[in-house]
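Protein chains in written order, with this note's numbering: chain A, 39 to 153; chain B, 16 to 128.
See the structure below:
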């Protein structure tokens, strides 16, 4: 039981390049989330998927797209990376079929630098 | 709108001293409140949560938090700090119905030997 996994762990991009951050969970959770963490700003929600087949914008969605590939996987895509997207990105999941619906479980993060 | 505010971006205490990390919330409905901890270069782990049962909530690693409606607070405490408690701590409120969490800005806890 690996929980929430993210790939890659580190990435350096040049301005204008694209990339996809991958996230997978093996806890049979219905909801998945993408956050970015910047110093002094806590975690800010980029996009989330309350259930398979749905996605919604969070607080800071500009410059990002997401795909809920199936119940396990939720990817985040940067189409044209900008230096302002330099951050640490966390994926999280919540809402098991049975059990508490409010607790989120986090992956280890992806540290992205855009030059 | 529901939100949380953490008072103090940095807190420094001596080993063995009381740890007090402050969180105030704003919510028009009874809130679900959380404390998460982030150790260096790791993801967030749940410390404890309040979901309208007992107002004093006990978590992992000796931490506890008390929900005080009159003060709209959910402060995190630990009687005796240990070096391993050095980390960043986040308070969060659950947005009911939307299945989302809103996080505070975080408090970095430093433990002095």
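Cβ atoms here follow ideal geometry from the backbone N, Cα and C, with glycine treated the same way.
Whole-angstrom Cβ separation of residue i and residue j, contact assumed at under 8 Å?
i	j	result
residue 129/A	residue 71/A	7 Å
residue 63/A	residue 41/A	7 Å
residue 120/B	residue 44/B	Residue 120/B to residue 44/B, Cβ: 23 Å. No contact.
residue 83/A	residue 73/A	6 Å
residue 50/A	residue 141/A	Not a contact, Cβ separation roughly 33 Å.
residue 16/B	residue 96/B	No, residue 16/B and residue 96/B are not in contact; Cβ-Cβ is about 34 Å, not under 8 Å.
residue 56/A	residue 111/A	That pair is no contact at about 19 Å.
residue 88/A	residue 114/B	5 Å
residue 123/B	residue 18/B	Actually they do not touch by this definition, with Cβ atoms about 20 Å apart.
residue 125/B	residue 27/B	4 Å
residue 42/B	residue 127/B	With 8 Å as the limit, residue 42/B and residue 127/B do not qualify as a contact, their Cβ atoms being about 35 Å apart.
residue 149/A	residue 48/A	5 Å
Against residue i, what residues of chain A qualify as contacts under a CB-to-CB distance less than 7 Å, listed in chain order?
i	result
residue 115/B	83 and 86
residue 24/B	78
Using the beta-carbon of each residue, which ones in chain B are nearer than 7 Å to residue i?
i	result
residue 142/A	116
residue 79/A	120
residue 147/A	58
residue 69/A	114
From the options, pick the residue whose C-alpha is nearest to that of residue i; which is it?
i	options	result
residue 127/A	71/B, 56/B and 125/B	56/B
residue 70/B	123/B, 102/B, 78/B and 84/B	84/B
residue 100/A	115/A, 89/A and 111/A	115/A
residue 69/A	46/A, 54/A and 91/A	91/A
residue 104/A	98/A, 96/A and 113/A	113/A
residue 20/B	132/A, 80/A and 88/A	80/A
residue 78/B	66/B, 68/B, 94/B and 67/B	94/B
residue 75/B	100/B, 28/B and 58/B	100/B
residue 52/A	46/A, 124/A and 108/A	124/A
residue 66/A	153/A, 44/A and 109/A	109/A
residue 118/B	54/A, 93/A and 97/A	97/A
residue 67/B	81/B, 128/B and 98/B	81/B
residue 78/A	128/B, 30/B and 22/B	22/B
residue 54/B	127/B, 98/B, 128/B and 116/B	98/B
residue 58/B	133/A, 43/A, 102/A and 107/A	43/A
residue 122/A	107/A, 102/A and 48/A	102/A
residue 153/A	132/A, 54/A and 45/A	54/A
Which residues of chain A have a Cβ atom closer than 8 Å to the Cβ of residue i, listed in chain order?
i	result
residue 47/B	140
residue 109/B	140
What residues of chain B sit near residue i, judged by a beta carbon separation below 9 Å?
i	result
residue 65/A	Residues of chain B passing the Cβ test: none, with the nearest at roughly 13 Å.
residue 131/A	Under the 9 Å cutoff, chain B gives no residues; its nearest Cβ is about 11 Å from residue 131/A.
residue 128/A	58 and 59
Can you name the residues of chain D whose CB is closer than 7 Å to the CB of residue i?
i	result
residue 82/B	Looking at the structure shown, chain D is missing, and the protein chains on hand are A and B.
Anything in chain A within Cβ reach of residue i, meaning under 9 Å, just list it in chain order.
i	result
residue 105/B	80 and 81
Three CB pairs or more closer than 8 Å across the region 62–69 of chain B and the region 46–53 of chain B: yes
Cβ contact check for the region 145–153 of chain A and the region 94–107 of chain B: 3 or more pairs under 8 Å: no
Cβ contact (3+ pairs, closer than 8 Å) linking the region 86–93 of chain B and the region 34–45 of chain B: yes
Beta strand (DSSP E) runs wholly inside the region 43–130 of chain A, at least 3 long, in chain order: 48–51, 57–63, 67–75, 81–87, 102–106 and 112–116
Beta strand (DSSP E) runs wholly inside the region 88–112 of chain B, at least 3 long, in chain order: 88–93 and 102–110
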